[in-house]
Amino acid sequence: DYLLYPNQFTKEVMIRDYMLENIAVGSSILCGYPRNEIFFDEERREQVREEMKLQGKRVYAYMPTWRGTVAKIGSNKDDNYLMYFLYELDRWLTEDEVLYINLHPMTTHSKNDVEIKALKHIRKFPQKYETYCFLNIADVLITDYSSVFFDFACTGKKIVLLPYDKEEYLASRGMYLSLDELPFPQVRDVASLLKELRSEKNYNDIDFRNTFNALDGKNISQKLCDYIILGENTQLMIEKIPDNGKENVLLYVGNLAKNGITTSIRNLLNTIDLSKRNYYISFCQGKAKNNTAQLKTFSLDIKFFAVSEFLDLTICDRIIRKLFRKKFLSAEKFMKFMGNRIYQNFMRAYGTPKFHTVIQFNGYESDMILLYSAFPGNKAIFVHNDMVNEIKTKKNQRRDVLKYAYHQFNSVAVVTEDLISSTIELSSKQSNIVCSHNVIDYKKILESAEMPIIFDKVTKHSVSYQNFIEIMDSNLPKYITIGRFSPEKGHERLIDAFKKTLMEGNEAYLIIMGGYSLKKGYLNLHNKVKEMGLEKNVILLLSISNPYPILKACDYFILSSFYEGFGLVIAEADILGKPVVSTDIVGPRGFMKKYGGTLVESSEEGIYQGLQMLYHKKVKPMQIDYDAYNKQCIEEFEQLFVKKEF
Numbered sequence: 026d027y028l029l030y031p032n033q034f035t036k037e038v039m040i041r042d043y044m045l046e047n048i049a050v051g052s053s054i055l056c057g058y059p060r061n062e063i064f065f066d067e068e069r070r071e072q073v074r075e076e077m078k079l080q081g082k083r084v085y086a087y088m089p090t091w092r093g094t095v096a097k098i099g100s101n102k103d104d105n106y107l108m109y110f111l112y113e114l115d116r117w118l119t120e121d122e123v124l125y126i127n128l129h130p131m132t133t134h135s136k137n138d139v140e141i142k143a144l145k146h147i148r149k150f151p152q153k154y155e156t157y158c159f160l161n162i163a164d165v166l167i168t169d170y171s172s173v174f175f176d177f178a179c180t181g182k183k184i185v186l187l188p189y190d191k192e193e194y195l196a197s198r199g200m201y202l203s204l205d206e207l208p209f210p211q212v213r214d215v216a217s218l219l220k221e222l223r224s225e226k227n228y229n230d231i232d233f234r235n236t237f238n239a240l241d242g243k244n245i246s247q248k249l250c251d252y253i254i255l256g257e258n259t260q261l262m263i264e265k266i267p268d269n270g271k272e273n274v275l276l277y278v279g280n281l282a283k284n285g286i287t288t289s290i291r292n293l294l295n296t297i298d299l300s301k302r303n304y305y306i307s308f309c310q311g312k313a314k315n316n317t318a319q320l321k322t323f324s325l326d327i328k329f330f331a332v333s334e335f336l337d338l339t340i341c342d343r344i345i346r347k348l349f350r351k352k353f354l355s356a357e358k359f360m361k362f363m364g365n366r367i368y369q370n371f372m373r374a375y376g377t378p379k380f381h382t383v384i385q386f387n388g389y390e391s392d393m394i395l396l397y398s399a400f401p402g403n404k405a406i407f408v409h410n411d412m413v414n415e416i417k418t419k420k421n422q423r424r425d426v427l428k429y430a431y432h433q434f435n436s437v438a439v440v441t442e443d444l445i446s447s448t449i450e451l452s453s454k455q456s457n458i459v460c461s462h463n464v465i466d467y468k469k470i471l472e473s474a475e476m477p478i479i480f481d482k483v484t485k486h487s488v489s490y491q492n493f494i495e496i497m498d499s500n501l502p503k504y505i506t507i508g509r510f511s512p513e514k515g516h517e518r519l520i521d522a523f524k525k526t527l528m529e530g531n532e533a534y535l536i537i538m539g540g541y542s543l544k545k546g547y548l549n550l551h552n553k554v555k556e557m558g559l560e561k562n563v564i565l566l567l568s569i570s571n572p573y574p575i576l577k578a579c580d581y582f583i584l585s586s587f588y589e590g591f592g593l594v595i596a597e598a599d600i601l602g603k604p605v606v607s608t609d610i611v612g613p614r615g616f617m618k619k620y621g622g623t624l625v626e627s628s629e630e631g632i633y634q635g636l637q638m639l640y641h642k643k644v645k646p647m648q649i650d651y652d653a654y655n656k657q658c659i660e661e662f663e664q665l666f667v668k669k670e671f
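With the sequence shown counted from 1, adding 25 to any position gets you the numbering used here.
Given below as structure tokens:
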């Protein structure tokens, strides 16, 4: 219901970085933090000092930030440096000085506990006091990158920053404010620290405190409780979280892998008019953890939800789910038992009823298909591939899940007319099937193609970078195909067909480039190339963030797939002026026929004929008006927001 912020700056940062605008239903309260009230209690301060027998002593509090990560708790390097620093500092502190240290709770410091006990003037915060209650007795706070100084500043007491590992820390972390913007003195060695601890406050922090502490004070807790619990007007500043009143659209995009689905959603959202609606993309954080760099390729106007794959289920629910996963229960029966629970988990994941339309954009992942099918409002699901062949070839989908889902969603959006028949075969329903072609961001492709060829750190390549550049600069013909290393892409038969052209004396190169590898797809193909003795002529590339300069440097594009959804790469090759040949299969067929493309039989012999036609320059680039094409695609996509009744 309420989000409490201690100042305007924090409110703006939180609303922006947690992407709360237009989606959060609560209100903001601008109010001092209740935990800071203790800093205004002089009586309690003196009481604690007396209990700790600290009268007449100068008390320092050291509260360093945590330098680890949740995945790797603790750091021996940090611990060792910290103890060295404390031992050195302890040597110089006098009998009238005492330093209390409070390590971050996530720090592994059992060894440090023992070592700190051996120090004469340095002690740990006593556990019998609440942290800020004890911090209130300090004359000076020592910290580094911790937000504790925002709170302690309300006391007006001295703050000293000790960023001894500043360069190393900032190399992997971001900050909302530069340390150099802060009024507090910075030190990096024991001598400088002692000098600051023993001198009076020698800086002006009035502007800082006016910005961050103006609302702190006594009786904040009472005002807050009187307002929230009793409904009394306590003169707190209450604001609704900003909402532009536009429709909110949620799109589940899968794992953000470097594949056609990620390219498709990026092209769509980079091309569509974002001023009409608010768009949110969603992904399972566990599945997408290695691909989150892809988020930087989207407009900053696109917000996102990283959700957990975990479903909150009772023991009975888990039994039903296991029966479903073992295929003892169909999707329809599973949802009959579990529909309400699945909807509860949708609300748990997204926490708001403020979506006008939800779209299961990637069209895969049974759990996420069923989760989105439980949404009570307008919903759509995309079909990016021939799912009948996907089930036969990869067994990565359940026929009963797709049939159930295609009946439940208001719209089933196929990316090409070629996919309608296979979708009807699964669904037995045609009334809610619509066509929503893939948008092609041709301007971005042309721009990216002008950049130099670069291998990323994660790129796997069958030849060295230097050798590859020499090949790209050579005058020999260069064929290229782009697609994940997966059986349906037909790479093996492409290599077999390419070898025939070499045996006829046609010197050429074949580049096979993919965004990712299914299981051991890349390794198996690499082994095949070596067994055939084609290492010099067949080049394999896996995972390149910008494939377009390579595509531009090649002469011909060939698609050898057994089946496709659309085959976005054929359009990308055409945009860069490459003659394109594709196997005559569902997906590319409609596009190629419409725009005068060249199709060959879906066989090794057909692919061989296509290679020959390209080599002898019998294939010309297609001529497509991509502005007009994209305009139609956007119109088709926006029709999904018009709810189709069952």
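Backbone N, C-alpha and C define an ideal beta-carbon position, used for all residues, glycine too.
Residue i versus residue j: straight-line alpha-carbon distance, rounded
| i | j | result |
| --- | --- | --- |
| Asp47 | Leu320 | Contrary to the premise, residue 47 reads as Asn rather than Asp in this sequence. If you take the alpha carbons of Asn47 and Leu320, they lie about 20 Å apart. |
| Asp626 | Phe335 | For the record, residue 626 in the displayed sequence is Glu; it is not Asp. One C-alpha to the other measures close to 45 Å. |
| Val483 | Phe510 | 16 Å |
| Ile659 | Phe666 | 12 Å |
| Lys183 | Leu144 | 24 Å |
| Glu547 | Thr441 | Looking at the sequence provided, one finds Tyr at residue 547 rather than Glu. If you take the alpha carbons of Tyr547 and Thr441, they lie about 28 Å apart. |
| Glu475 | Phe174 | 48 Å |
| Val215 | Ile537 | 59 Å |
| Tyr651 | Glu192 | 47 Å |
| Gly515 | Asp337 | 41 Å |
| Glu450 | Leu444 | 10 Å |
| Pro401 | Glu472 | 42 Å |
| Gln310 | Asn229 | 44 Å |
| Glu155 | Glu68 | 16 Å |
| Lys36 | Tyr389 | 38 Å |
| Ser171 | Ile649 | 56 Å |
Best match in the options for proximity to residue i [C-alpha to C-alpha]
| i | options | result |
| --- | --- | --- |
| Phe177 | Ala163, Leu187, Leu601 | Ala163 |
| Met497 | Lys485, Leu535, Gly530 | Leu535 |
| Lys153 | Glu76, Tyr106, Glu113, Lys183 | Glu76 |
| Ser628 | Ser585, Lys271, Gly592 | Ser585 |
| Phe323 | Cys309, Asn295, Phe349, Phe359 | Asn295 |
| Val464 | Tyr189, Lys656, Lys283 | Lys656 |
| Leu124 | Leu451, Val165, Tyr277 | Val165 |
| Arg223 | Leu118, Tyr194, Lys419 | Leu118 |
| Cys460 | Val437, Ile595, Asp392 | Val437 |
| Tyr573 | Ala356, Ile470, Asp326, Tyr633 | Ile470 |
Status (buried if at least 16 other CB within 10 Å, exposed otherwise) for residue i
| i | result |
| --- | --- |
| Tyr201 | exposed |
| Lys404 | buried |
| Asn32 | buried |
| Ala49 | buried |
| Tyr109 | exposed |
| Arg41 | exposed |
| His551 | buried |
| Gln491 | exposed |
| Val38 | exposed |
| Cys341 | exposed |
| Gly508 | buried |
| Lys361 | exposed |
Cut-off 7 Å between Cβ atoms - residues of its own chain near residue i, not counting five sequence neighbours on either side
| i | result |
| --- | --- |
| Lys524 | Met557, Leu559 |
| His146 | Asp115, Leu118, Glu122, Val123, Leu124 |
| Glu673 | There is no way to answer for residue 673, as the model of the chain reaches only from 26 to 671. |
| Asn571 | Ser473, Met476, Ile479 |
Beta-carbon proximity check, residue i vs residue j, cutoff 8 Å
| i | j | result |
| --- | --- | --- |
| Ile575 | Val606 | no |
| Val185 | Pro208 | no |
| Ile290 | Val274 | no |
| Phe330 | Tyr397 | no |
| Ser568 | Asp481 | yes |
| Leu624 | Thr288 | no |
| Ile254 | Glu62 | no |
Residues near residue i in its chain [Cβ-Cβ closer than 6 Å; skip 5 each side]
| i | result |
| --- | --- |
| Met647 | Asp599, Tyr620, Gly621, Gly622 |
| Ala578 | Met497 |
| Asp26 | Gly51 |
| Glu357 | Tyr429 |
| Gln664 | none |
| Gly590 | His409, Asn410, Val440, Gly612 |
Neighbourhood of residue i by C-beta distance below 8 Å, restricted to the same chain and skipping five residues each side
| i | result |
| --- | --- |
| Lys271 | Asn47, Lys301, Arg302, Asn303 |
| Leu261 | Ile54, Leu55, Cys56, Lys248, Leu249, Tyr252 |
Near the ligand SAM: residue i beta-carbon under 7 Å from a heavy atom
| i | result |
| --- | --- |
| Thr382 | What this structure holds is no ligand at all, so the ligand SAM is not there to describe. |
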